[in-house]
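Quick note: the sequence shown uses the working numbering, first residue 1, plus one each step. Below: the structure, in structure tokens.
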Amino acid sequence: MAQAAPKRQKTANATRESEFFPASHQLFVCRVRKSRQKFVLQVTTLLTSFSRMTGEWGCVKVTRPATSHELLAKCIGPVVYKPDAGASETLVFRHYNAQQEVMGRTMEEWLRFSVCYWHSFRGVELKELLCLPSGSDPFGGATIKRSWDDGSESLDNAKRRLRAAFEFFTKLGVKYWTFHDRDVAPEGKTLAETNANLDEVVDVAADLMKKTGVKLLWATCNMFAHPRFMHGAATSCDSHVTLYAAAQVKKGLEVAKRLGAENFVFWGGREGYHSLANTNVRAELDHLAAFYKMVIAYKEKIGFKGQLLIEPKPKEPTRHQYDYDAQTVMAFLHQYGLSKHFKLNIEPNHTTLAGHPYEHDVIFSSAYDMLGSIDANTGSPDLGWDTDQFPMDVRSCTMVMKAVLEQDGIAPGGLNFDAKVRRESTALKDLFIAHVAAMDTFARGLKNAAKMISEGVVKKSINARYVSWKSGVGARIAQGEATLEECEKAVAELGDPHPDSGQQEHFEAMINHYI
């Protein structure tokens, strides 16, 4: 027998919210009828059954903000594995099977998927201090409105939003999430009030994490949205601003430790310049290094065990960011003696903004054991700005996963979907489909990369290009033992070099074989 719907209770902020109802037992069909500017909600309880093989799982959440209209949302999930799914079945996994073993580990262990809170639950545009649910862009207003979000900056709304997020995580089947401090809790009038707000919402997050088993891949501090950071945070020309940023990071590290974050990220959105005419670049970089040294000291003082990560980006919002790309960040860390304390969080959309191929920064940071985590997204290379699209290109994901496999995994980092649905994708199911498709794309990339590595044809062919470095004077140069005089003598004996073909087309064709 179907269960009756629980009564909706009034809350202090005049908001009513129903529970989520599993569609395996019941389906709530809601019709909203307008009569004299009032909405009448008619709810009928029906017996029904859903095939798990379709990936469909329905629920209805009804919210009534202070305004008069009803907001209804049908939630989808949990998403299931269906390898024989048809082209239109986009709410099931065709390739991602969490417990399937690939090269000795499960897909779940290799991929370590994470949902980012800001794009998926705080919208896509900055409005005043925070990212609000919108779908707005510089040329138009909001298009996206979620039923669980009344648009306010109240703590009640922040907590309700968080509960919706964790339902999404569990239905999607991901084990990790990420957030900025100002994503999850509203900013107050003072730092103390802001920290109190954060503590209150973190209490809810901790409880939800315990109940669901979802872990915190990483936390970070938003030190770019508020006007106080217009000249930067750690690199501001005003030391008072840097003091504030330091205090904010102190709290951020404490929250990260409390929630068991496996990493802590620094993205310097305002750490850069718009004009060299008014900028002392050496002073700003010195201040940035000093800031990071304070972070390291406090991390060790409180016993936070997470990995510190820096995320490169060449520009936007500044004209030039100091963490331009992977090589720039590694050089900075080396210059200031910080290399052993940090690794890199690579976002491929930032990589292409820097004029590099998609996998460039992943490969370069991995080559020096500096790849710590990946913000899994993509951009439109024909555009000059950060579009944060969901990764759907199998070749790109294959090359990324090849680097991850070759370095024996990415833990304690992961693949965090720092991506947003398009402004026109306003349905809730679009958010599910975007994540499902991206997870499937990386699962395909994982399988492709595993086959490429296990067969060894590509690696063997690459090694053959460098065979001359394994013996003779070539080996002595590589080992740092040769002299210029020795090289001159060898050239006299060997004559002019005649390099072999680079065979670029052959290598690209071999890689295509695995895609």
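The C-beta atom is built at its ideal place from N, Cα and C for all residues, glycine as well.
Continuous beta strand (DSSP E) stretch holding residue i: start and end
{"i": "Phe-179", "result": "176 to 180"}
{"i": "Ala-219", "result": "215 to 220"}
{"i": "Gln-327", "result": "Gln-327 -> not in any beta strand (DSSP E); alpha helix (DSSP H) instead, spanning 326 to 335."}
{"i": "Gln-307", "result": "307 to 310"}
{"i": "Ile-346", "result": "342 to 346"}
{"i": "Leu-415", "result": "415 to 417"}
{"i": "Val-265", "result": "263 to 266"}
For residue i, three-class secondary structure by DSSP
{"i": "Phe-166", "result": "helix"}
{"i": "Ile-410", "result": "coil"}
{"i": "Ser-378", "result": "Here residue 378 turns out to be Thr, not Ser, going by the sequence shown. Three-state DSSP puts Thr-378 in a strand."}
{"i": "Cys-116", "result": "strand"}
{"i": "Ile-76", "result": "coil"}
{"i": "Lys-470", "result": "helix"}
{"i": "Gly-502", "result": "coil"}
{"i": "Leu-285", "result": "helix"}
{"i": "Tyr-322", "result": "coil"}
{"i": "Arg-146", "result": "coil"}
{"i": "Gly-173", "result": "coil"}
{"i": "Leu-253", "result": "helix"}
{"i": "Ser-373", "result": "strand"}
{"i": "Val-92", "result": "coil"}
{"i": "Asp-137", "result": "strand"}
{"i": "Val-102", "result": "strand"}
{"i": "Gln-248", "result": "helix"}
{"i": "Arg-36", "result": "Confidence in Arg-36 is poor, its pLDDT being 34 and thus under 50, which makes the residue's placement unreliable; the coordinate value appears in the next sentence. Three-state DSSP puts Arg-36 in coil, outside helix and strand."}
{"i": "Phe-291", "result": "helix"}
Residue environment, residue i, which counts as buried when at least 16 other CB atoms sit within 10 Å
{"i": "Val-295", "result": "buried"}
{"i": "Asn-278", "result": "exposed"}
{"i": "Cys-131", "result": "With a pLDDT of only 41 at Cys-131, under 50, the local geometry of the prediction cannot be trusted, and the value read off the model is given with reservation. Classification of Cys-131: buried, given that the 10 Å Cβ count is 16 or more."}
{"i": "Phe-139", "result": "exposed"}
{"i": "Ala-326", "result": "buried"}
{"i": "Met-330", "result": "buried"}
{"i": "Arg-122", "result": "buried"}
{"i": "His-493", "result": "Correcting the residue type first, residue 493 is Glu in the shown sequence and not His. Exposed, since its Cβ has fewer than 16 Cβ neighbours within 10 Å."}
{"i": "Tyr-491", "result": "A small fix is needed here, since residue 491 is Val in this sequence, not Tyr. Classification for Val-491: exposed."}
{"i": "His-498", "result": "exposed"}
{"i": "Met-392", "result": "exposed"}
{"i": "Met-230", "result": "exposed"}
{"i": "Thr-375", "result": "In the sequence as displayed, the identity of residue 375 is Asp instead of Thr. Its Cβ being crowded by 16 or more others within 10 Å, Asp-375 is buried."}
{"i": "His-180", "result": "buried"}
{"i": "Ser-501", "result": "exposed"}
{"i": "Gly-269", "result": "buried"}
{"i": "Val-281", "result": "exposed"}
Assumed close pair residue i, residue j - CB separation to whole angstroms, cut-off 8 Å
{"i": "Ala-419", "j": "His-119", "result": "6 Å"}
{"i": "Phe-93", "j": "Asp-440", "result": "6 Å"}
Boundaries of the alpha helix (DSSP H) in which residue i is found, first to last residue
{"i": "Asn-448", "result": "428 to 455"}
{"i": "Asn-197", "result": "191 to 212"}
{"i": "Val-362", "result": "360 to 367"}
{"i": "Glu-109", "result": "107 to 111"}
{"i": "Ala-492", "result": "484 to 494"}
Residue of the options minimising C-alpha distance to residue i
{"i": "Pro-312", "options": "Tyr-324, Leu-276 and Ala-403", "result": "Tyr-324"}
{"i": "Asp-199", "options": "Leu-155, Arg-228, Lys-175 and His-240", "result": "Leu-155"}
{"i": "Gly-306", "options": "Arg-422, Val-362 and Ser-373", "result": "Ser-373"}
{"i": "Ser-152", "options": "Tyr-176, Trp-177, Pro-186 and Val-491", "result": "Pro-186"}
{"i": "Asn-377", "options": "Asp-369, Gly-384, Ala-354 and Glu-347", "result": "Glu-347"}
{"i": "Tyr-368", "options": "Ser-380, Val-404, Glu-89 and Ser-239", "result": "Val-404"}
{"i": "Val-249", "options": "Ile-144, Asp-238, Ala-233 and Asn-416", "result": "Ala-233"}
{"i": "Lys-175", "options": "Asp-183, Arg-182, Ala-165 and Asp-181", "result": "Ala-165"}
{"i": "Phe-168", "options": "Tyr-117, Asp-137 and Phe-390", "result": "Tyr-117"}
{"i": "Trp-148", "options": "Asp-388, Leu-285 and Arg-160", "result": "Arg-160"}
{"i": "Leu-415", "options": "Ser-88, Tyr-466, Leu-111 and Glu-101", "result": "Leu-111"}
{"i": "Met-223", "options": "Val-265, Asp-207 and Gly-413", "result": "Val-265"}
{"i": "Lys-460", "options": "Phe-417, Met-510 and Ala-475", "result": "Met-510"}
{"i": "Arg-465", "options": "Lys-299, Gly-384 and Phe-507", "result": "Phe-507"}
heavy atom of the ligand SAM below 7 Å from residue i C-beta
{"i": "Gly-413", "result": "No copy of the ligand SAM appears in this structure; indeed no ligand is present at all."}
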